[in-house]
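When the letters of the sequence shown are read in order and numbered with the numbering used here, they come out as residues 1191 to 1457.
Heads up, the beta-carbon is just placed ideally off N, CA and C, and yes, glycines get one too.
Here the structure is a predicted model, which means the values were calculated and not measured.
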Amino acid sequence: MSTPVINRRSLYNNVTSEENARILTDPDASYRLLYFDCASVGATARDILAYGKAVWTNQHPTDEEWDAGKFPTPFRVMPVLNVIASDGKETFLTESIVVDQYLAKKFNLLGDNEWEEQTIRAHYSNVHYLRERSFMNVTWTYAEKRKVALEKFMASTLPAFIADHEFHLETNGSNGHYIGNRLSLADIHLVNVMDHFSHLPTGKQIAAVFAKSELLSKVRENVERNPEIAAWRSTGEWRALVDSSVRGYSITAVPQLDEEGEEKQTK
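Written as structure tokens, this is what we have:
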């Protein structure tokens, strides 16, 4: 196996701050999302781009291209969102949190005032943390620790998360939204993080726990009912990204459990 080539991309692109800001705020900008050919960390941004009726494309480096450093990024990770102004000039943003929140602001998914915006960001952050915490502690932990890590996640971490979010959803009127009565970044991110867990080898077990929550399920219904998001999720491209995630996690993630909750033995 060859050693990956380190090839960083500077955030300073020899363009003035004002020019970069102009590109980012261009109402007629188009977008190119650089990320692996899977759902995972790129999924929320894609749903928002669809929701906003944006002109956008996916760009997927192959493993060989990525390892060869042919797609340099600031921190050697993706996603990277390339923003192309109507005059053809480009700039870019990096890190999934930044990309998601930029697009949410662009397409009016951060509420109607400062309080709503920061409250949506808080819900988004907590949802995001559940996935990142599980990545490190459950999904990609040492093989000998996986069973115990998953048991703790299922018995403690996940029920606590659901209880916290049910509390806040109920406070907002049990209408399937975190803020007010319309879609927000928090709603869309919750659905994509629940989707993420369904892509794991243990997905059926985790998805069943989420599905028991009527309040979280109502959020899913609202997000998936949006015509633009529904149209995107009905495409072969979206399905291929999901299938790629399932295949990838079948190799790298925790093993599937049998009916008694024990790790299935592979032959």
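- Judged by beta-carbon spacing, residue 1435 lies within the 8 Å limit of residue 1389, meaning their Cβ atoms are closer than that value.
- Spatial neighbours of residue 1358 in its own chain (CB-CB distance under 8 Å, excluding positions within 5 residues in sequence) are listed in chain order as 1313, 1368.
- For residue 1274, the enclosing beta strand (DSSP E) begins and ends at 1270-1274.
- Closest option to residue 1225, judged by alpha-carbon separation, among 1258, 1263, 1395: 1263.
- By the Cβ neighbour-count rule, residue 1260 is exposed, with fewer than 16 other Cβ atoms within 10 Å of its own.
- Taking all protein chains in view, the Cβ of residue 1400 is crowded by 16 or more other Cβ atoms within 10 Å, so the residue is classified as buried.
- Around residue 1216, the same chain offers 1275, 1276 as residues with beta carbons nearer than 7 Å, after the five sequence neighbours per side are excluded.
- Taking residue 1321 as the centre and dropping the five residues before and after it, the same chain places the C-beta of 1383, 1386 closer than 7 Å to its C-beta, in chain order.
- Listed in chain order, the alpha helix (DSSP H) runs fully inside the region 1319-1383 are 1336-1342, 1348-1361, counting runs of at least 4 residues.
- If you look at residue 1222, you'll find it in the beta strand (DSSP E) that goes 1220-1224.
- Taking a C-beta distance under 8 Å as the contact criterion, residue 1289 and residue 1269 qualify as a contact pair.
- By the Cβ rule, the region 1409-1421 counts as touching the region 1223-1242, because three or more pairs are nearer than 8 Å.
- In terms of Cβ geometry, residue 1297 and residue 1213 do not form a close pair [threshold 8 Å].
- Scanning 1422, 1346, 1279 for the CA closest to the CA of residue 1248 turns up 1422.
- DSSP places residue 1282 in the uninterrupted beta strand (DSSP E) bounded by 1280-1284.
- A distance below 8 Å separates the beta carbons of residue 1273 and residue 1282.
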